[in-house]
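To start, the structure itself, in structure tokens.
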Amino acid sequence: MTEPQRDITYILHWGDLTSTVRMLAAAKIIRDTYRRDRIVLLTTPDYESLLRHCPWFNAIETDACPDTRPMAGLRDKRIKLSKPVRIFDLAGTADSRKIKGLFRFSKCKWHEVAAREGDPQHPVDAVSGALNAALGLTPDYYPLGGAPAPDASWVDFLAKQSRMLDPEYFGLNGPFALLAPAGESVKPALRWPMEKWAALAHELLQAGITPALIGGPDTRDVGRHVSQVAPGARDITGKAKLPQLAGLARRTCFVFSEDTPLLHLLAASGAPALALYGDVGDPALIAPRGSAPVILMHATTLAQVTPEEAIAAMRFAGGFADAPAAA
């Protein structure tokens, strides 16, 4: 007996890590609404290693490249031949609108619900409200912080299959905190001074919590400095992939970072977080979202924030609780 053919739903999205994590909130709403559909995410290869484990997609196609590329015609033909019932455009770019042109004479329903630059709402609130309106759900408007947060807790399933997501794999035994400094590609004015990262690590060690420095290759100088100045701190900068970092965030006591894309993934994984912002207007409109508290610290000059103030904020958010909230 053959399984009846399922409707095909496409989600179009490409962007940086921040927008990719935010997209997860909309993807969950779409999955909850169309549980029987075959949902295909059209994206770029950048974060496929993370997204392929997400249960809200049945398939991921990673050739979402500009239509000037030679393979774009084959991609567009493939999408059209699949006869999707509906397409959700979460990219909102000229490239996605070119794909829309393929379906102008089709019965396929096209929903453009991408966040718009300059929108006075947080992108997660704006997209969730627009998506609800398109689907006939309520509410069609969310106040600040009202929309469901992006959720990456599904990495727990992956953690059961691979010990590479265990803290012990990185030499972390007992309580630990994740410190995610901005890399060298970020302007110095938007980075917390290296010596303050070291001082914070020392304070955490005194409290019985192992600080673990995480980030991409451009954060290795900070990780190396902190591990040398504060013996006992773990430097795993440049050594962990995104699924592993999400797995660590599920087990950490706390996360501390400047305004970095990685912080959005860590918060969405369920870790309590402290986000440090410079002169960016209202940080609440761009802040990471998650199921645990996210504390925002706003300073004209980041160097004004002391390690003691960071520790106090961590305590306020429950970062020194006996058990991590996301475990």
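Numbering (my numbering), first residue to last: 19 to 345. C-beta atoms are modelled at their ideal positions from N, C-alpha and C, and glycine is treated no differently. As the structure is a prediction and not an experimental result, all values here were calculated from the model.
DSSP, read as helix, strand or coil, puts Tyr-187 in helix.
Contiguous beta strand (DSSP E) elements confined to the region 156 to 222 occur at 194 to 198, taking only those with 3 or more residues. When the alpha-carbon of Gly-241 is set against those of Asn-76, Leu-108, Leu-231, Ala-248, the nearest one is in Leu-231. DSSP, reduced to helix, strand and coil, places Ile-329 within a helical segment of the structure shown.
Counting C-beta atoms within 10 angstroms of its own C-beta, Phe-123 has fewer than 16 neighbours from the protein chains shown and is therefore classed as exposed. For Gly-337, the CB contacts under 6 Å within the same chain, skipping 5 residues up- and downstream, are Cys-271, Phe-272, Pro-290 in chain order. In the DSSP assignment, no residue is bridged to Trp-32. Rounded to whole angstroms, the gap between the alpha carbons of Leu-108 and Pro-206 is 32 Å. One thing to note: Ala-219 has its Cβ no nearer than 7 Å to the Cβ of Ala-258.
At the C-beta level, Val-39 and Pro-168 come within 7 Å of one another. Pro-229 has Ala-195 as its beta-bridge partners, per DSSP.
Secondary structure at Ala-132: coil, using DSSP grouped into helix, strand and coil.
In the structure shown, Ala-248 adopts coil according to DSSP, grouped into three states. Taking the Cα of Thr-255 as reference, the smallest distance to any Cα among Ala-198, Asn-191, Leu-284 is reached at Ala-198.
Three or more pairs of CB atoms, one per stretch, sit closer than 8 Å, so the region 96 to 105 contacts the region 117 to 133. Cβ neighbours of Ala-217 within its own chain (closer than 7 Å, five residues either side excluded): Pro-325. With contacts defined as CB atoms closer than 7 Å, Arg-56 and Ile-26 qualify as a contacting pair. By the C-beta criterion, the region 317 to 336 is judged not to be in contact with the region 300 to 307, since fewer than 3 inter-stretch pairs fall below 8 Å. Judged by their CB atoms, Gly-265 and Ala-177 are nearer to each other than the 7 Å cut-off. Residue environment for Gln-23: exposed (fewer than 16 other C-beta atoms within 10 angstroms of its C-beta). Cβ-Cβ separation between Leu-208 and Leu-284: approximately 18 Å, too far for a contact (criterion under 8 Å). Here Val-298 is exposed. Its C-beta has fewer than 16 other C-beta atoms within 10 Å. Membership of Asp-107 in the beta strand (DSSP E) is indicated by the continuous run 104 to 107. The alpha-carbon separation between Asn-76 and Arg-54 amounts to approximately 11 Å.
Listed as beta-bridge partners of Tyr-295 by DSSP are His-316. Straight-line spacing of the CA atoms in Glu-213 and Glu-327 works out to 15 Å.
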